[in-house]
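Add 518 to the 1-based position in the sequence shown for this note's numbering, that's all there is to it.
Note that beta-carbon positions come from the ideal geometry of N, C-alpha and C, so glycine has one too.
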Amino acid sequence: MGKVTYSPGIEFVQGSLAKPKKMDGHSHGEYLIGTHRTAPTQNPDCTRLYIRKANTYGNKISQSSRSLNARARFTAVREAVALRKTDLMKITQDKAAFEAQKNTAGGKKTMQAYLWLVCGQEYDAQHSNG
């Protein structure tokens with residue numbers, strides 16, 4: 519993986535640095551996108567630079583059922599995490615369970631990651647074909 523270092527005075531770039539031009543009905547160039555991670559993480563490298571093909575965005579190809587299922591799962595788990603964070607009946611239990619697993623091998627280090635794991639497992643249990 520390459521590491522991104524910008525000129526002195528530029529801490530990070532977030533957004534598109536270059537976009538392809540459309541000329542005579544087709545695109546010239548590629549997208550150059552800089553990102554900066556603001557979410558909690560253990561990785562010290564929080565700046566990324568991506569190059570995307572000109573036709574990356576505006577994908578009009580129909581999505582596979584696997585892709586649609588993954589999107590549905592993500593949406594459902596995201597909503598479940600948001601509800602669980604505000605559920606007064608579960609906050610105390612979740613905090614205790616989070617602290618108990620935090621320092622174990624493979625334990626989630628942030629409460630947000632722990633809630634995503636728990637809600638994801640609940641979703642998978644409800645939607646398993648077994």
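1) Leaving out the 5 sequence neighbours to the left and right, which residues in its chain are closer than 7 angstroms to lysine 627 when beta-carbon positions are compared?
2) Going by DSSP, which residues form a beta bridge with arginine 570?
3) Could you give the residue range of the alpha helix (DSSP H) that holds alanine 623?
4) Going by DSSP in three states, lysine 540 sits in which element: helix, strand or coil?
5) When the Cα atoms are used, what is the spatial distance from isoleucine 609 to phenylalanine 530?
6) Among the residues of its own chain, which have a CB less than 7 angstroms from the CB of tryptophan 634, if the five just before and after it don't count?
7) When the Cα atoms are used, what is the spatial distance from lysine 571 to glutamine 644?
8) Just to confirm, are leucine 535 and glycine 552 a CB contact at a threshold of 8 angstroms?
9) What residue does the alpha helix (DSSP H) around arginine 555 start on, and which one ends it?
10) Excluding the five sequence neighbours on either side, which residues of its own chain have a C-beta within less than 7 angstroms of the C-beta of tyrosine 564, listed in chain order?
11) Where does the unbroken alpha helix (DSSP H) through phenylalanine 592 begin, and where does it stop?
According to the structure data:
1) Indexing the sequence shown from 1 puts residue 627 at position 109. For lysine 627, same chain residues with a beta-carbon under 7 angstroms away, outside a window of 5 residues either side, are Gln560, Lys620 in chain order.
2) Locating residue 570 in the sequence shown gives position 52, where the first residue counts as 1. According to DSSP, arginine 570 bridges with Tyr549.
3) Mapped onto the sequence shown, residue 623 falls at position 105. No alpha helix (DSSP H) contains alanine 623, which DSSP labels as neither H nor E.
4) On the sequence shown, residue 540 is found 22 positions in, with the first residue counted as 1. Secondary structure of lysine 540 (DSSP, three-state): strand.
5) Position 91 of the sequence shown, counting from 1, holds the residue named residue 609. Position 12 of the sequence shown, counting from 1, holds the residue named residue 530. Note on geometry: alpha-carbon atoms of isoleucine 609 and phenylalanine 530 lie some 36 angstroms from one another.
6) Residue mapping note: residue 634 aligns to position 116 of the sequence shown, counting from 1. By the criterion of a C-beta distance shorter than 7 angstroms, tryptophan 634 is surrounded in its chain by Val595, Val599, once the five residues flanking it on both sides are discounted.
7) Your numbering for residue 571 matches position 53 in the sequence shown. Your numbering for residue 644 matches position 126 in the sequence shown. Taking the straight line joining both Cα atoms gives about 38 angstroms.
8) One-based indexing of the sequence shown puts residue 535 at position 17. One-based indexing of the sequence shown puts residue 552 at position 34. If you check the CB distance, leucine 535 and glycine 552 come in under 8 angstroms.
9) Here residue 555 corresponds to residue number 37 of the sequence shown, with the count starting at 1. Annotation: arginine 555 is outside any alpha helix (DSSP H) and is labelled neither H nor E by DSSP.
10) By 1-based counting over the sequence shown, the position of residue 564 is 46. Looking at the sequence shown, residue 564 is not tyrosine but cysteine. Once the five neighbours on either side are set aside, the close Cβ partners of cysteine 564 are His554, Arg555.
11) The residue given as residue 592 occupies position 74 in the sequence shown. Run containing phenylalanine 592: 583-604, per the alpha helix (DSSP H) assignment.
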